[in-house]
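Chains as they are written, first to last, in my numbering: chain A, 1 to 254; chain B, 255 to 542. What follows is a set of notes on a single structure, which appears directly below.
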Amino acid sequence: MKIGGRKSNLALQLLSLVLFVAIWQALVHFRAYRFGYIPSVPEVLRAGEAYLFSEQFVSDAIASTTRILAAWGTSALIGIPLGLMIGWKRAFSNLTFPMVELLRPIPPIAWIPAGILFFPNTESGVIFICFVGSFFPIVLNTINGVQQIDQTYFRAAHCLGASERRVFYDVVVRGAMPSVIVGLAVGMGINWMALVAAEMIAGQHGLGYMIWQSYSLAQYPLIIVGMVVIGCIGAGMSAGIRFLGRKLVPWQKT
Amino acid sequence: VAKNIEGAMTANPDRVAARERLAAGDRSDRRRLRQAIRWCETSAGVIALQISSVVGFVILWVIVAEMPRAIQIPTPADVLASAVSLDFPKFLRDCWLSFYRVGLGFLIAAAIGIPLGICIGYSYLARNLLFPTVEVLRPIPPIAWIPLGILFFPQVEWMIIFLTFYGAFFPIVYNTISGVAGIPVAYIRAGKSLGASRWTLFWQVMVPAMLPSIFTGLYIAIGIAWLMVVAGEMVAITGGVGGMTWQAYQTTRYPLIFVGMAAIGILGFLSSLLVRLLAKVVIRWESV
Chain A
1 MKIGGRKSNL
11 ALQLLSLVLF
21 VAIWQALVHF
31 RAYRFGYIPS
41 VPEVLRAGEA
51 YLFSEQFVSD
61 AIASTTRILA
71 AWGTSALIGI
81 PLGLMIGWKR
91 AFSNLTFPMV
101 ELLRPIPPIA
111 WIPAGILFFP
121 NTESGVIFIC
131 FVGSFFPIVL
141 NTINGVQQID
151 QTYFRAAHCL
161 GASERRVFYD
171 VVVRGAMPSV
181 IVGLAVGMGI
191 NWMALVAAEM
201 IAGQHGLGYM
211 IWQSYSLAQY
221 PLIIVGMVVI
231 GCIGAGMSAG
241 IRFLGRKLVP
251 WQKT
Chain B
255 VAKNIEGAMT
265 ANPDRVAARE
275 RLAAGDRSDR
285 RRLRQAIRWC
295 ETSAGVIALQ
305 ISSVVGFVIL
315 WVIVAEMPRA
325 IQIPTPADVL
335 ASAVSLDFPK
345 FLRDCWLSFY
355 RVGLGFLIAA
365 AIGIPLGICI
375 GYSYLARNLL
385 FPTVEVLRPI
395 PPIAWIPLGI
405 LFFPQVEWMI
415 IFLTFYGAFF
425 PIVYNTISGV
435 AGIPVAYIRA
445 GKSLGASRWT
455 LFWQVMVPAM
465 LPSIFTGLYI
475 AIGIAWLMVV
485 AGEMVAITGG
495 VGGMTWQAYQ
505 TTRYPLIFVG
515 MAAIGILGFL
525 SSLLVRLLAK
535 VVIRWESV
């Protein structure tokens, strides 16, 4: 017995989405409360069709995706080894973890003014802000992953005469992998949040900037188009990470 | 080449002695290293390492700040001076304003998200009828709602509270759902066979079993709510610590930016601590 059952009903799920759109359209149509200010569904569809087939869309999407990948890749490149070492070696952890803990509570968005000011150009500032967003989830999940490795694995490896390097590759890295992938996925989510904020406030192109620009120019339907596009790319990337995770960690059921 | 190797292999008394001396030195080096590592594990060593970590951070900051660049980064001393000369009552009002916005959005998110999560986790109809919509809305980053929020809400204040609500909502819903899914079936069977009514089963068995997961959600949610309040305040520039930081940027009082960042960090940390303390009280049986 499973609580609530495991069955799912495709028809009901579709109905859910149809109802969502219908309620949105009805609220806008009948101008309930302040919904008159919100663009209606046909307006959004029309704006979306125009935008998705324009060159603007391609350049915005490429700009945002490049920033995300640069920031995410950098934070993975620094964060994973750092997390592995912090989780593995007590002395290293005491030496570096307080520094991480000191900076962690500052949300990436609070770095926006400093990021814009102190980086030579906006591009690197925006990437830095996104980097701050994904760095901490990746580090913390990696540490957590190492610390949750069964101690008997370490003992077994030592008993079988494994060198430190072998212990690192075969026990620490592999043991932490499932948790690292969770960190990468969470980091990607926060990356998008930070990116949209940074582009809205500072960017000169990109999807976040496009949303803000359409607001300033009173092209309200485009705002919703931008939100949907960001949601789709973000969801696609998260799905990609989960897929990669399943390939990399086939022994883990996720 | 073979001859060379053979030559190297043949024992030369001087060389052997030198090698042994080296090995002995090596051994004592290793012993010293091992002692050093052991010292790092003692409580004095741990404290020393942690202090040197923080000191190292400050030194690193000073080095970066001293590097010549177009706009000089404030040094820790500048930031401290700026913090001391702060208009304190106004600063406290800003802190309280941000805290209030986070708190209100967070509470509304909990009040809607927890029941919704329970419904989705528990009921077939809710899972199929409500969950797809939640799932479709989730990938849209809350910050992308800012322009629409400004359009929709009559006051910016409401927009910011909506943002904190929206940011906190999804972690709460998702963790509540996984809390319901994680209730051991044995608990429910045990409750049923002991004759519990549906009401008792819900309040005495299911709720305690899913509380740890709900608190995980609340803990994540308060962090994201802080993220949102800062974003909202920066865009709308209406008081609060985020607004203060942004104003410092616009009026080129750069040390103040770092004071604002530190304030945001400390307030965020304190509110997370608050949730954690609440969890300690409510779910005493769980080690949090």
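From the three backbone atoms N, C-alpha and C, an ideal C-beta is built for every residue, glycine too.
Does the beta-carbon of residue i have 16 or more other beta-carbons within 10 angstroms, so that it is buried, or is it exposed?
i        : result
A/Asn121 : exposed
A/Pro42  : exposed
A/Leu195 : buried
B/Phe424 : buried
B/Arg284 : exposed
B/Tyr428 : buried
B/Gly449 : exposed
A/Arg104 : buried
A/Tyr209 : buried
A/Val180 : buried
B/Arg275 : exposed
A/Gly73  : exposed
What are the boundary residues of the alpha helix (DSSP H) that residue i is part of?
i        : result
A/Tyr169 : Looking at the DSSP string, A/Tyr169 is not in any alpha helix (DSSP H), and its letter there is neither H nor E.
A/Ala63  : Glu55 to Trp88
B/Gln304 : Ser297 to Glu320
B/Tyr508 : Tyr508 to Val536
B/Tyr378 : Tyr378 to Leu383
B/Ser432 : Val410 to Ala435
A/Ser40  : Premise fails: A/Ser40 is in no alpha helix (DSSP H) and is neither H nor E.
A/Met188 : Arg174 to Ile201
B/Trp399 : Here B/Trp399 belongs to no alpha helix (DSSP H), and DSSP marks it neither H nor E.
A/Val249 : Where A/Val249 is concerned, there is no enclosing alpha helix (DSSP H), given that its DSSP letter is neither H nor E.
B/Ser447 : Val439 to Ser447
A/Leu14  : Leu10 to His29
Alpha carbon to alpha carbon, what distance is there between residue j and residue i?
i        : j        : result
B/Phe406 : A/Pro107 : 26 Å
A/Ala71  : A/Val132 : 8 Å
B/Leu346 : A/Glu199 : 30 Å
A/Trp192 : B/Pro395 : 7 Å
A/Asn94  : B/Val300 : 6 Å
A/Val228 : A/Gly206 : 14 Å
A/Leu184 : A/Ala76  : 7 Å
B/Trp539 : B/Gly436 : 17 Å
B/Val309 : B/Leu303 : 10 Å
A/Thr254 : B/Pro509 : Any reading at A/Thr254 must be qualified, since the residue scores a pLDDT of 49, below 50, and its modelled position is unreliable; the value itself is stated next. Distance between the alpha carbons of A/Thr254 and B/Pro509 is about 46 Å.
B/Glu320 : B/Pro328 : 9 Å
B/Ser377 : B/Val513 : 48 Å
A/Ile257 : B/Val316 : Residue 257 of chain A lies beyond the residue range present for chain A, which begins at 1 and ends at 254; the question has no answer from this structure.
A/Arg246 : B/Pro393 : 21 Å
A/His29  : B/Trp412 : 23 Å
A/Glu49  : B/Ile372 : 38 Å
B/Thr505 : A/Ile116 : 14 Å
A/Ser16  : B/Asn382 : 7 Å
B/Gly493 : B/Phe353 : 12 Å
A/Leu45  : A/Tyr51  : 10 Å
B/Ile415 : A/Val126 : 25 Å
B/Leu532 : B/Gly522 : 15 Å
B/Met482 : A/Gly83  : 27 Å
A/Thr96  : A/Leu10  : 50 Å
Counting only beta-carbon separations shorter than 8 Å, does residue i have a partner in chain B?
i        : result
A/Trp192 : yes
A/Arg90  : yes
A/Asn9   : yes
A/Phe30  : no
A/Gln13  : yes
A/Ile38  : yes
A/Gly4   : Residue placement at A/Gly4 is poorly supported in this model, since its pLDDT is 48, which falls under 50; the coordinates are not used for a value here.
A/Ser64  : no
A/Val196 : yes
A/Asn94  : yes
A/Phe118 : yes
A/Val81  : A small correction: the amino acid at residue 81 of chain A is Pro; Val does not occupy that position in the sequence shown. Chain B, which has no Cβ nearer than 8 Å to the Cβ of A/Pro81, makes this no.
A/Leu17  : yes
Between residue i and chain A, is there a C-beta pair that is closer than 8 Å?
i        : result
B/Pro462 : no
B/Met294 : With the sequence shown as reference, residue 294 of chain B is identified as Cys, and Met is not the correct amino acid for it. Chain A contact via Cβ: present.
B/Thr499 : yes
B/Tyr503 : yes
B/Leu417 : no
B/Gly371 : no
B/Ile366 : no
B/Phe345 : no
B/Ala398 : yes
For the ligand GTP, is there any heavy atom lying closer than 7 Å to the beta carbon of residue i?
i        : result
A/Met188 : This structure simply doesn't include the ligand GTP, nor any ligand for that matter.
Mind listing the chain C neighbours of residue i? Cutoff is C-beta to C-beta under 7 Å, in chain order.
i        : result
B/Ala485 : Going by chain labels, chain C is absent from the structure shown, which instead holds the protein chains A and B.
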